[in-house]
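Enquirer: What the sequence shown shows, in our numbering, is residues 10 to 265, in sequence order.
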Amino acid sequence: MTTLKMASSSLFSRLEQFLAHCREGGFKHVLKILAYYGFAHGWALWLADIQILGLVDPAETQTFQPLTGYSFEFATAMNLDAILACAPVVDRKHLGMLFRGFFRDGFRCAIVLNEERVVGYMWAFTDEYVVTLDDYRRRNLSVRLDSRSVFTGNAYVASPHRGRGLFQRLKLYLMQHYPPGTHFYTSISDLNAPSLAANRRLGFSKLATLRFIGVFSRTLLYVREKESRQWRAFRTRWPNLKLDGIRLQTTSADSH
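1. Report the partner residues of THR129 according to the DSSP bridge assignment.
2. In the DSSP output, what is SER261 paired with across the bridge?
3. If I'm right that ILE61 touches LEU219 with Cβ under 8 Å, what's the distance once you round it to whole angstroms?
4. What is the DSSP secondary structure of PHE176, counted as helix, strand or coil?
5. Hey, how far is the Cα of ASN149 from the Cα of GLY105?
6. Give me, in chain order, the residues of the same chain whose beta-carbon lies closer than 6 Å to that of ARG101; leave out the 5 immediate sequence neighbours on both sides.
7. Look at the Cβ atom of THR191, then the Cβ atom of GLY162, and state whether they are nearer than 9 Å.
8. Let me know if PHE81 comes out buried or exposed under the rule of 16 or more other beta-carbons within 10 Å of its beta-carbon.
9. Compute the distance between the beta-carbons of VAL121 and ARG178, then report whether it is under 9 Å.
10. According to DSSP, GLY63 sits in a beta bridge with which residue or residues?
11. First and last residue of the beta strand (DSSP E) that includes ALA242?
12. Quick check on TRP247: buried or exposed, where buried means 16 or more other Cβ atoms within 10 Å of its Cβ?
13. Could you check what DSSP says for LYS41 in three-state terms: helix, strand or coil?
14. Between the C-alpha atoms of ARG256 and SER237, what's the straight-line distance to the nearest angstrom?
15. Is the beta carbon of ARG173 sitting closer than 9 Å to the one on LEU250?
16. Distance check for PRO75 and LYS215, CA to CA, integer angstroms please.
17. What residue from GLU137, TYR182 and PHE221 has the CA that sits closest to SER198's CA?
18. Can you give me the start and stop residues for the alpha helix (DSSP H) that LEU104 sits inside?
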């Protein structure tokens, strides 16, 4: 009887979640959640939409009240262990190899500290950023950046410190350490409403959407620019992507 009650309670909870998602974004939103769930669990068919956002207003115009007990700085490779201690235990081995490579390649990492412990981090990439769906294993899409552009990504704030606006303050701190006129970008799943909202409050807006569709062992790519209703399909060979400060440009992978 107890097992039956637990199963009934779990089913009721899932139903409540389903209805909440329907109220939030309609049945289409629920289908997208299921499609992304399929990607996360290795289904034969799945879909994931990634938004490319660019900064609209200069970072210097944004201000936030300081938070007592928190400070911000840029890390070096010497801080790697402290950064990893902030991340979930299950991810630390993989992130250790990844972040070591980031430091080696000269990318910058801004961190937030509380009582001298790292509780959040955010990376800044130049020249090129790789949009990945599976931690840089197979499904990677490179985006070229011009000399005045920075792509922010691989950000994380430890759960006990969320809800305080640390993500926005950390990103603002990072952006204000680049010359005026620098173009900033980021990529976010369109299902990650909190992160999308946080970036919009900083002045970011959507430049394009990348749609990845998994069909058994193949991953298809579709690109839609912000003002277009049409998707451009790249079913066999993915294109070269470039951000020029205003738009996401696509060219043939054979172009030079």
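Even for Gly, the Cβ is constructed at its ideal location relative to N, Cα and C.
Expert: Put simply:
1. For the purposes of this step, residue 129 is taken as the residue at position 120 of the sequence shown. In the sequence as displayed, the identity of residue 129 is Gly instead of Thr. Looking at the DSSP assignment, GLY129 forms a beta bridge with VAL121 and VAL166.
2. Indexing the sequence shown from 1 puts residue 261 at position 252. Beta-bridge pairing links SER261 to no other residue.
3. Position 52 of the sequence shown, counted from the first residue, corresponds to residue 61. Position 210 of the sequence shown, counted from the first residue, corresponds to residue 219. Sure, about 7 Å apart at Cβ, within 8 Å.
4. Translated into the one-based positions of the sequence shown, residue 176 becomes position 167. Note: PHE176 maps to helix in three-state DSSP.
5. To locate residue 149, count along the sequence shown from 1; it is residue 140. To locate residue 105, count along the sequence shown from 1; it is residue 96. If I take the Cα positions, the gap works out to 19 Å.
6. Locating residue 101 in the sequence shown gives position 92, counting from the first residue. Cβ within range, chain order: LEU93.
7. What you label residue 191 is simply residue 182 of the sequence shown in a count that begins at 1. What you label residue 162 is simply residue 153 of the sequence shown in a count that begins at 1. No. Outside cutoff.
8. For the purposes of this step, residue 81 is identified with residue 72 of the sequence shown, where counting begins at 1. So PHE81 ends up on the buried side.
9. As a first step, residue 121 must be located in the sequence shown, where it is residue number 112. As a first step, residue 178 must be located in the sequence shown, where it is residue number 169. It is a contact, given that the beta carbons lie within the stated cut-off.
10. In the sequence shown, the residue the question calls residue 63 occupies position 54. In the DSSP output, where bridge partners are listed per residue, GLY63 has TYR194 and SER214.
11. By one-based count along the sequence shown, residue 242 stands at place 233. Run containing ALA242: 241-243, per the beta strand (DSSP E) assignment.
12. Translated into positions along the sequence shown, residue 247 becomes position 238. It is buried - the Cβ of TRP247 has at least 16 other Cβ atoms within 10 Å.
13. Taking the first residue of the sequence shown as 1, we reach residue 41 at position 32. Three-state result, LYS41: helix.
14. Within the sequence shown, numbered from 1, the residue matching residue 256 stands at position 247. Within the sequence shown, numbered from 1, the residue matching residue 237 stands at position 228. So the two alpha carbons sit approximately 12 Å from each other.
15. Within the sequence shown, the letter at position 164 stands for residue 173. Within the sequence shown, the letter at position 241 stands for residue 250. Taking 9 Å as the Cβ cut-off, ARG173 and LEU250 do not qualify as a contacting pair.
16. Here the question's residue 215 lines up with position 206 in the sequence shown. Here the question's residue 75 lines up with position 66 in the sequence shown. Distance between the alpha carbons of LYS215 and PRO75 is about 28 Å.
17. Along the sequence shown, one-based indexing puts residue 198 at 189. For SER198, the nearest C-alpha among the options comes from PHE221.
18. Translated into positions along the sequence shown, residue 104 becomes position 95. From DSSP, the alpha helix (DSSP H) with LEU104 extends over 101-113.
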